[in-house]
Structure formats: structure tokens, C-alpha cells
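*Asks:*
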Amino acid sequence: MASYLGYLNRYSSPDFLSSFFESVSAERLPRELALLREYPQYSFREQEFTRSIQYKRAMLLPQEGYSWVADRAPKTGTWRLRNLHYFPLQLLGYAREKNGPWTPLHAPIWFPAAPDRPLLLETGRDSSGAWADLENFHGKSGALVSGNGWAEPGLAELPAGANWLVYRLPGSEPVFRQKLTSSPPSISTTPRQELFDRPLPRSDAKWQVQGRSIRFLKGRHAIAEMIVVPEGYTLEAGPGTTLDFISGGGLLSASPVHLSGRPEEPILITSSDGSGNGFTVLAPNAASSLEYVVFERLRALQWKGWTQTGAVTFSGAEVRLADCIFRFTNSEDALNLVQCKVDMDRCLFLDTPSDGFDCDFCTGEIRGSSFKKCANDGLDLSGSRLRLESSAFEDCGEKGISVGERSDLACFDIRIERSPTGLAVKDHSVAIADHIELSDCAAGFVLFQKKPEYGPARLVVRNHKSTNVKRLFSVQKGSTLQLGERLIRGED
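Using my numbering, the first residue of the sequence shown is number -2, and each one after it goes up by one.
#1: Enumerated in chain order, which unbroken segments of the alpha helix (DSSP H) with a length of 4 residues or greater are wholly contained in the segment 29 to 70?
#2: Measure the C-alpha to C-alpha separation of V163 and H82 and round it to an integer number of angstroms.
#3: DSSP on G3, reduced to helix/strand/coil?
#4: State the CB to CB distance for the pair L166 and N373, rounded to an integer number of angstroms; the pair is presumed to be in contact (CB under 8 Å).
#5: Give the DSSP-derived three-state secondary structure of G391 in the structure shown.
#6: Check whether the Cβ atoms of C356 and S381 sit closer than 8 Å, and answer yes or no.
#7: Ends of the beta strand (DSSP E) at F173?
#8: Check whether the Cβ atoms of L298 and G245 sit closer than 8 Å, and answer yes or no.
#9: Enumerate in chain order the residues of its own chain whose CB-to-CB distance from D330 is below 6 Å, with the five nearest sequence positions on each side excluded.
#10: Taking only the alpha-carbon atoms, compute the straight-line gap between P350 and K369 and give it to the nearest angstrom.
#11: Enumerated in chain order, which unbroken segments of the beta strand (DSSP E) with a length of 3 residues or greater are wholly contained in the segment 359 to 432?
#12: Does DSSP put C289 in a helix, in a strand, or in coil?
#13: Across which residues does DSSP place N327 in a beta bridge pair?
#14: Where does Y230 sit, in a helix, a strand or coil, going by DSSP?
#15: Any beta-carbon of chain D closer than 8 Å to the one on S244?
#16: Have a look at D424 and F13 and give me their C-alpha separation to the nearest angstrom.
#17: So who's on the other strand from Q207, going by DSSP bridges?
#18: Among T231, I224, P227, A202, which one has its Cα closest to the Cα of R217?
#19: Just the Cα atoms here: how many angstroms apart are S328 and G168?
#20: I need the DSSP call for V458, collapsed to helix, strand or coil.
#21: Nearest to T75 by alpha carbon, out of P156, A421, F323, S379?
#22: Let me check understanding here. Comparing Cα to Cα, which of F41, T310, V316, E391 lies closest to L345?
#23: Determine the contact status of S312 and L279, defining contact as a CB-CB distance below 8 Å.
#24: So the beta strand (DSSP E) K338 belongs to, where does it begin and stop?
#25: Quick one: residues in its chain with C-beta nearer than 7 Å to the C-beta of P260, no 5 flanking neighbours on either side, listed in chain order?
#26: Measure the C-alpha to C-alpha separation of L26 and Y8 and round it to an integer number of angstroms.
#27: Excluding the five sequence neighbours on either side, which residues of its own chain have a C-beta within less than 7 Å of the C-beta of E43, listed in chain order?
#28: Of the choices L152, N160, A319, W107, whose alpha-carbon is the least far from that of T100?
#29: So, with DSSP's three-state summary, where would you put P11?
#30: Could you tell me how far apart the beta carbons of T464 and A440 are, in whole angstroms, since I believe they sit closer than 8 Å?
#31: Give me the DSSP bridge partner(s) of R317.
#32: Please check the pair A92 and P98, which I expect to be a contact at CB under 8 Å, by giving their CB distance rounded to whole angstroms.
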């Protein structure tokens, strides 16, 4: 693998291509003429060939600052690292400063490449420039939820002074660096550790602790403290339970939660004074379920400089959400899922001050859900692979759906109304849409590259309907939109 990547890097370099074309220039013309006698339509376009190689090379070399996701185990020097790059990477060592000397590891550590993106391949063009057959849209989307959308993490032991990762593409000479952005501050105990060091709650009038189970009791409970549940437990609540987080109270759990209300008796998690300090579940490799739960008036977790963006946050978990409501939140995101596998049915996001659902590095499905009056985006994807069905977006302040940072989205039977932008696809993301209806939008489909470290976007729409849409599409140079049989390449 290292030899292959090394040769690929060498033979795609601008210097090699320039010297190669110069070396064959004398013999090239007679060969082209010979080809033209048998194939009159033949034409070799050196500029297009070079541009194509440059695009592939851009995917080959890692982008500094955007190749890794890292998190550190509390009170240890062990880091969990995920490779976000298309190819394997070798971790060589670490550095204290960006441009300072670096210390090699005892032996380089290989990290596997991020998984293939089947939707990206399925929507590609063949050698004639025609789009691949997408007749079976629903079948093509099945691969999106057939596994994780990211590489499995690897472990690395790094000292406290390791502020920068030093790595390379195997078989290549250039060395790259990325800052360990989640590196904890240089104090003896981090805010996260301080919270998790709190003693386990004891049974009282609000909850009952039995063995490894913590259950909130039925009724209305005012909670003016942070409830912290360590790893190894389950947190439960049933119909008719109301948790009112006041005076900065909130919930932080390293264990899965199972909240099960009923249509006539939903579970309510609220903050009557608006100070509720979030509902945060950091439970790697555990499954949580929520049914008939209403979250309202919560803000995101803020504790001594440690903050989250979601009023409700899950990280590293499997999450099943059915018939839940997220409304009137006071946070950047009403719901934020990070590196999760999500299965969502019939949920409502209403009156949020920014994004409704922010989905980061997740896989899964959303069905029958509504996003109404989200001040920014209704659904915001980053690095995710998602299937979206039978859902509606109304009165979103910026975009109904935003697909970014190498995300893949397959959406069916979607309605977007009264939003400045209906569906935006950007930064090397790919989306396919079938039966999408747009009405009263300034722009329908928008494709562009926002961040220089990513590439252009791609969108294929099989069936669509638009009513009172001022501009049906806007396609930036390099991005590509297919509307039915019409192919639109961004040229501006």
C-alpha cells in the first residue's frame, strides 16, 4: 500500500506531468494523427487531463487541520483518533508547537482510511460524460445506512505536551501537522472530569437507584443541580414524568438513557426559568431510546468553559427517537448528534433560535419529521450519511436542508416551504432527491464549495415540483446538478 500511494503521489505531481508531456511532445503529434484516421472524433485535451489529475491529487494528499477527529480519555494520555482522509495515514509523532521540532513515536501507527462513499460513486459520470443510471433511487440509498460513515478509531499514547499531530500519507515524503483541538487545558482537573467525579445520585423523591438502574419517578420535579450519571448505568423515565431544570440544573450522562412516554402522557424535560443546563449523553457504543419526549426552553451545557452546542446532545451512541418534540430552545442547535447512528420517526423541531437538528459524522434514517421556524437551518449535515423520507421544512431562516463537509444524503418525498434556500449541497457532498417539492423559496437548489479544503458538490434530482421559487438553482463552478435528464455544470 505504501509503495502504491508513493507512486500515485509521484506520478500525479505537476512537475512529473510537465516533464512527461515535454518528453513525449515530439512523438505525440504523429500518434494523434494516426488515431484520428481511425477514430475521427478522438481528441486529447491536455488541459482537461491535467485538471482531472489535479482533482484526484487533491483527494490524495491530506488537508492539514481536517484529517483527524480526536478525543482524549479522562486522566490518561490515551487519545482516540479517527482518520477522516480518503486514504490511510501514518501517525509519525507529535510536536508542542506548530512549526517547532517534533518527537517521533517508537513506531509509526497506521490508521485506516475513511469508508468508501457509495453514493459518490453511484452518481459519477462514465467515460462518455453521461450520468450513471439512477433508476433505482431507493436501492442506491440503502448503502448509506449499512454501516458507520467513519473509520474505526485507533489509540495513541501521547504526553501532556503533545499539542500537534505529525503524520504523512504512507510512501510519501511530505509531513503534515494538525492541532489537537480537543486537548484539555493545562490544569489538574478539567470541567468534564470535575463533573464526572461527582458522587452518584442517591434515591430521593425525584429518582430511585436500584443496582445499575436510575429511574426518575412519575410527577413534576424541580431540579436545581447537575445530575451526573457515570458509565455503567441506565437512566430511565416513564409516562407523566416532568423534569424542570432550574438555577443551572441539567443532566450529563455517560450511560444510555431510555425515556418512554405515551401520547396522552409524554415525558416533559423543560426549564421554567430558562437556565436549564442541557440534556447531554456521552455514552460511546451504547444504545439510547426516546419516545414521546418533549424538550423545551433548555440551553446547551455550559460548565466552567466546557460547552456543547445542542440543548440535547448525544455523542458516540446509537439513538432511537420517536414522536419527540424539540421546541423553544436557547442554544445553537436544538438537537446535536455527534458520531451517532440515528433512527428517527415523527419528530418535530419548532421555534429554534438557530439550527433544528445538527448531525455531525452520523449515519442513519429520518422519517416523517417536521422542521418549523428554525431560525437558521432545519437540518444541517456535516460528514454524515443519511436517508431522509416523508419530511417537511417550513419557515426556516436560512436553509431547509444543508448538506456539507463530505456528507451523503438521499431524500424522498420532501416538502420545503418559505425558506431562503431549499436544499444546499456544498463542500464535496453528494445528494440525491426524488419527489421534492419547493414553494415560496428565494432559491431552490444551491451547490457550491465554501471551504477550500473540500471539493465541489453534486446533486441529482429525479422528480421535483417548484412553486413561486425565484431562482430554481445556483451551481458554482466545479459543482454539478442533474435535474431529470438535464445536466447543469457550474461554470461561473
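Even for Gly, the Cβ is constructed at its ideal location relative to N, Cα and C.
Nothing here was measured: the structure is a model prediction, and the numbers come from that model.
*Replies:* Considering the structure as presented:
#1: DSSP runs (the alpha helix (DSSP H)) wholly in the segment 29 to 70: 43 to 57.
#2: Whole-angstrom Cα-Cα distance: 15 Å.
#3: Helix.
#4: So it is not a contact: roughly 36 Å between Cβ atoms.
#5: The question names Gly, yet the displayed sequence has Glu at residue 391. Under the three-state reduction of DSSP, E391 is assigned to strand.
#6: Cβ distance < 8 Å, so C356 and S381 count as in contact.
#7: Start and end: 173 to 176.
#8: No, Cβ-Cβ distance for L298 and G245 is not below 8 Å.
#9: Excluding sequence neighbours, D330 sits near T306, G307, D352, D355.
#10: Spanning the two alpha carbons is a distance of roughly 11 Å.
#11: Runs of the beta strand (DSSP E) inside the segment 359 to 432: 360 to 364, 367 to 371, 374 to 379, 382 to 391, 396 to 401, 405 to 414, 418 to 423.
#12: As written in the sequence, residue 289 is Tyr, which differs from the Cys given in the question. Assigned with DSSP and collapsed to three states, Y289 falls in coil, not helix or strand.
#13: Within the DSSP bridge table, the entry for N327 names R296 as partners.
#14: Y230 carries a coil assignment under DSSP once its states are collapsed to helix, strand and coil.
#15: Of the protein chains in the structure, only one exists, and it is not chain D.
#16: Near 28 Å, if we compare the C-alpha coordinates of F13 and D424.
#17: Partner(s): S210.
#18: For R217, the nearest C-alpha among the options comes from A202.
#19: Spanning the two alpha carbons is a distance of roughly 45 Å.
#20: Strand at V458.
#21: Per the Cα distances, P156.
#22: Put simply, of F41, T310, V316, E391 the residue whose alpha carbon is nearest the alpha carbon of L345 is E391.
#23: Against a cut-off of 8 Å, the Cβ pair of L279 and S312 comes out as a contact.
#24: Start and end: 338 to 342.
#25: Answer for P260: Y289, listed in chain order.
#26: Taking C-alpha positions only, L26 is separated from Y8 by approximately 22 Å.
#27: Sequence-distant Cβ neighbours of E43 in its own chain, meaning closer than 7 Å and more than five residues away, are F18.
#28: When C-alpha distances from T100 are compared across L152, N160, A319, W107, the shortest belongs to N160.
#29: In the structure shown, P11 sits in a helix (DSSP, three-state: H, G or I).
#30: Not confirmed; about 14 Å, so no contact.
#31: R317 is bridged to S286, D340.
#32: Contact holds; Cβ gap of about 7 Å.
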